[in-house]
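Visitor: I have a structure here, written as structure tokens, and I will follow up with some questions on it.
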Amino acid sequence: MRLLKDIDCKNKRVFLRVDLNVPVMNGKILDETRINKILPTIQYLLTQNAKIILASHFGRPKSGYEEKYSLRFLQNVLQHKLEQEVLFEDNLNDAAQLTQNMQLGEILLLENLRFFSGETKNDLEFAKQLSNLADIYVNDAFSCSHRAHASIVKIAELLPSAAGLLLEDELDNLHKYLDKPNKPILAIIGGSKISTKLDLLKELSKKVDYIAIGGAMANTFLKALGYEIGNSFYEEEFVATAKAMLNEKFILPKDLVVVSSIDADDIEIVDIDHITKMALDLGPETVKQIIALAQKCKTILLNGPVGVFENPSFAKATNAIIKEVANLSQNNKAISIAGGGDMVAALTQVRLFDQMTYVSTAGGAFLEWLEGKELPGLLVLSC
Ligand code: ADP
Ligand code: MG
């Protein structure tokens, strides 16, 4: 892969594609990880006296400008973190002029790329407009590299291009721990739907020794084995797929935390042959079994919470598993790799993000990488 340090950025205009799609609620940024992680690349480019054109998407605007998806609010945040002025421009023609007039070492933030219809279409004309803003293209958004979008793929075909420091670091870590992982390997996979993780489960079936299933996904597997699952969430149309997929590597729940509805207070722990209500978390026996297995394994993959972790009543299994995996990692007993949007939120909630061996903040891209797929944004940067 072509790397940032291999290309000459001195005094050049650099289009830096980053992922500034930070979680925001009521105008407040809930987690600044994504912003903090791109600072080293920006700082490196500043040492090269480059003009930096920062570009990102934000949310999923339907068509054109929508105020709530504007990136303008990040101008101040970036100014504060970088301790220098950051320009902002929402018109690409004006931006082209601006990049000529900017001083070396100045930074320009562009408006949300998804306000432009060409972005998600990987449109050549739009990519040309973007490429007019710069001499060099740098991708520092691993988390977006599974998308064939104009600012990820097409622009990289038009300009000399390279991977940024964050992207390089993410790939280094994934390769380091997962190319030849220490065995045995345990994958703990939760989340709501089998349908979004079919390819992942298939790939893991080939590569790991044990796959512990939690979350609502487990309900579909239990249904496939003929258990009654009350009014638990499951995917009817994937019951047959789940059944066909099951093999001796899979570890399904033995007991579950159930309740008649999400805000009722009749919470109970039941064995899987007594589910009459809604299953929202793994039970203590299952957690014990998963923890015992984790203690025997050398590599542990975590993706997807094993319960409705957003609600403290159903976060116990997720938290207990995270704590044990953190403990094993800190004591050098196992390598732990965690990823997935909600998994990252669960780790942050119990403040154990930093205690994993490595956490990938890329949701979909991390999963596609684990699935062994070629990511178009990486392919275009390969030598
Ligand atoms: P990730 O983003 O880490 O890949 P997913 O998006 O697949 O995870 O799934 C996370 C969601 O799954 C969470 O919102 C969580 O509340 C939900 N979930 C977990 N267990 C259950 C369950 N038993 N019933 C319903 N939803 C669940
Ligand atoms: Mg998710």
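Residues in the sequence shown are numbered consecutively from 7, following this note's numbering.
Glycine included, C-beta positions come from ideal geometry on N, C-alpha and C.
Quick caveat, the model's predicted, so the values are computed rather than measured.
For Ala323, which of helix, strand or coil comes out of DSSP?
Guide: Position 317 of the sequence shown, counted from the start, is the residue given in the question as residue 323. In this structure, Ala323 counts as helix in the three-state DSSP scheme.
Visitor: Helix, strand or coil: which one does DSSP assign to Ala169?
Guide: Residue numbering aside, residue 169 sits at position 163 when the sequence shown is read from its first letter. Residue state, collapsed to three classes: strand.
Visitor: Of all residues in the structure, which have a C-beta closer than 7 Å to any heavy atom of the ligand MG, taken in chain order?
Guide: My final list is Gly197, Gly346, Gly347, Asp348, Gly369.
Visitor: Going by C-alpha distance, which of Ser149, Asp146, Arg153, Leu116 is nearest Leu136?
Guide: For the purposes of this step, residue 136 is taken as residue 130 along the sequence shown, with counting starting at 1. Comparing Cα positions, the closest option is Leu116.
Visitor: Taking the alpha carbon of Val293 as the point to measure from, which residue in Asn325, Gln85, Met251 has its own alpha carbon closest?
Guide: Translated into the one-based positions of the sequence shown, residue 293 becomes position 287. The residue with the shortest Cα to Cα distance from Val293 is Asn325.
Visitor: With burial defined as no fewer than 16 other Cβ atoms inside 10 Å of the residue's Cβ, what is the status of Asn309: buried or exposed?
Guide: Taking the first residue of the sequence shown as position 1, residue 309 is located at position 303. By the 10 Å Cβ count, Asn309 comes out buried.
Visitor: Could you tell me the boundaries of the alpha helix (DSSP H) in which Leu204 lies?
Guide: Locating residue 204 in the sequence shown gives position 198, counting from the first residue. Start and end: 204–213.
Visitor: Under 8 Å by Cβ, that's how I've got His152 and Glu374 pegged, so tell me the actual separation to the nearest angstrom.
Guide: Along the sequence shown, read from residue 1 onward, the residue named residue 152 stands at position 146. Along the sequence shown, read from residue 1 onward, the residue named residue 374 stands at position 368. Contact flag correct, Cβ pair sits at about 4 Å.
Visitor: For the candidate residues Phe121, Asp100, Arg120, Val92, whose alpha-carbon lies nearest to that of Glu112?
Guide: Counting from 1 along the sequence shown, the entry for residue 112 is found at position 106. That would be Val92, whose Cα lies nearest to the Cα of Glu112.
Visitor: Is there at least one non-hydrogen atom of the ligand ADP closer than 7 Å to the beta-carbon of Thr292?
Guide: The residue labelled residue 292 in the question sits at position 286 within the sequence shown. Outside the cutoff, so no.
Visitor: Quick check: what's the CA-CA separation for Ala248 versus Ile275?
Guide: Within the sequence shown, residue 248 is the residue found at index 242, counting from 1. Within the sequence shown, residue 275 is the residue found at index 269, counting from 1. If I take the Cα positions, the gap works out to 24 Å.
Visitor: Looking at the strands, I want to know which residues DSSP matches up with Leu288.
Guide: Along the sequence shown, one-based indexing puts residue 288 at 282. Note: Leu288 sits in a beta bridge opposite Leu262.
Visitor: Got a sec? Which residues, its chain only, sit under 6 Å from Ala147 by beta carbon, not counting five neighbours each side?
Guide: Sequence index remark: in the sequence shown, residue 147 carries index 141 (1-based). Closer than 6 Å at Cβ, skipping near neighbours: Arg23, Val24, Asp25.
Visitor: Quick test of your reading: Ile191 and Cys303, contact by CB under 8 Å. State the CB separation rounded to the nearest angstrom.
Guide: The residue labelled residue 191 in the question sits at position 185 within the sequence shown. The residue labelled residue 303 in the question sits at position 297 within the sequence shown. Right, the Cβ-Cβ distance comes to about 6 Å (below 8 Å), so this counts as a contact.
Visitor: Locate the beta strand (DSSP E) running through Asp96, then write down its first and last residues.
Guide: Stepping through the sequence shown from its first residue, residue 96 is reached at position 90. Where Asp96 is concerned, there is no enclosing beta strand (DSSP E), given that its DSSP letter is neither H nor E.
Visitor: Taking the alpha carbon of Thr305 as the point to measure from, which residue in Ile343, Met223, Lys255 has its own alpha carbon closest?
Guide: Within the sequence shown, numbered from 1, the residue matching residue 305 stands at position 299. Ranking Ile343, Met223, Lys255 by Cα distance to Thr305 puts Ile343 first.
Visitor: Have a look at Gln355, Gly378, Leu10 and flag the residue whose alpha-carbon is nearest the alpha-carbon of Asp175.
Guide: As a working note, residue 175 is residue 169 in the sequence shown. Cα-wise, what sits closest to Asp175 is Leu10.
Visitor: Could you have a look at Arg19 and say whether DSSP puts it in helix, strand or coil?
Guide: What you label residue 19 is simply residue 13 of the sequence shown in a count that begins at 1. Residue state, collapsed to three classes: strand.
Visitor: Check whether the Cβ atoms of Glu243 and Ile281 sit closer than 8 Å, and answer yes or no.
Guide: Reading the sequence shown from its first residue, position 237 is the one you call residue 243. Reading the sequence shown from its first residue, position 275 is the one you call residue 281. No.
Visitor: Counting along the chain, where does the alpha helix (DSSP H) carrying Gly383 start and finish?
Guide: On the sequence shown, position 377 is the one that residue 383 refers to. 382–385 is the span of the alpha helix (DSSP H), which, as asked, contains Gly383.
Visitor: Quick check: the region 64–74 against the region 99–111, are at least 3 beta-carbon pairs closer than 8 Å?
Guide: Result no; under three Cβ-Cβ pairs closer than 8 Å.
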